[in-house]
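Shown next, in structure tokens, is the structure this report addresses.
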Amino acid sequence: MTGEHLQVVHGDITRMEVDAIVNAANNGLLGGGGVDGAIHGAGGPSIMAACRAIRDKQGGCPTGEAVITTGGLLPAPYVIHAVGPVWHGGAQNEDAQLASAYRSAIRLAAEHNLRTVAFPNISTGIYGFPRERAVDIAIAAVREALAKAPSIEQVTFVCFDDENFRLYRDRLRGN
Ligand code: AR6
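The opening position of the sequence shown corresponds to residue 1 in full-length UniProt numbering, with each subsequent residue numbered one higher.
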């Protein structure tokens, strides 16, 4: 990707018309609450079936990594399930794991020649990662990974809560 093609929107990621939406998943890949629940709910059972097949093959997804499945009934044809860290106070490698989750998702999208990807604010909900700390890590990690992802033309950060939306809007202002 050349230049800057990062944008922020306020809303529900399940409605995004992009090549892939990213899920804030867990190691087990069998669904949960938050955006994970919303994605499985809107996308239907084929996403869970694909997650089960991945589990059978590789036994889940380690923290900081990502896997890709169908988007099922979603407008997006693919879902990239990225696993962010649980926040334990910041001394347990959480920053690096969060950056790795974003980079892994971009890498997977590039391997599938995808052009447009939408991210939720991974780990900043149930997993408790501080939002203000996460936004800088997320943007830096995505920029870094995009340097090696020529197919990707646009990355959208989809913020569900007002605080994240304000943070991303401020950081990306001018792009
Ligand atoms: N669209 C976009 N963002 C959303 C949506 C939505 N429809 N719904 C929630 N968010 P969380 P985590 C935002 O808790 O912290 C699950 O149980 C939300 O406001 O979904 O990574 C998984 O299975 C927050 O900013 O994910 C894991 O067990 C962001 O999504 C665990 O939660 C992430 O919040 C992962 O926790």
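Here a beta-carbon is modelled for each residue, glycine too, at the ideal position from N, C-alpha and C.
On a predicted model such as this, the values are computed, not experimentally measured, just so you know.
- Judged by DSSP secondary structure, His81 falls within the beta strand (DSSP E) whose first and last residues are 78-83.
- Rounded to the nearest angstrom, the gap between the Cα atoms of His88 and Gln97 is 12 Å.
- DSSP places Thr14 in the helix class (H, G or I) of the three-state scheme.
- Of the candidates Glu17, Phe160, Gly44, the residue whose Cα lies closest to the Cα of Gln154 is Glu17.
- According to the DSSP secondary-structure assignment, Val9 is paired through a beta bridge with Val158.
- Residue state for Ile68 is assigned as strand, using DSSP reduced to three classes.
- When the Cα atoms are used, His10 and Ile68 turn out to be separated by approximately 24 Å.
- Going by beta carbons, Arg131 and Glu163 fall inside the 8 Å limit.
- Spatial neighbours of Ala134 in its own chain (CB-CB distance under 8 Å, excluding positions within 5 residues in sequence) are listed in chain order as Leu98, Asn121, Ile122, Ser123, Thr124.
- For Ile21, the pairing in a beta bridge is given by DSSP as Val79, Ala118.
- Residue burial is scored here from C-beta neighbours: Ala141 has at least 16 other C-beta atoms within 10 angstroms and is therefore classed as buried.
- Proximity of the segment 54-61 to the segment 24-32 meets the contact definition, three or more beta-carbon pairs being nearer than 8 Å.
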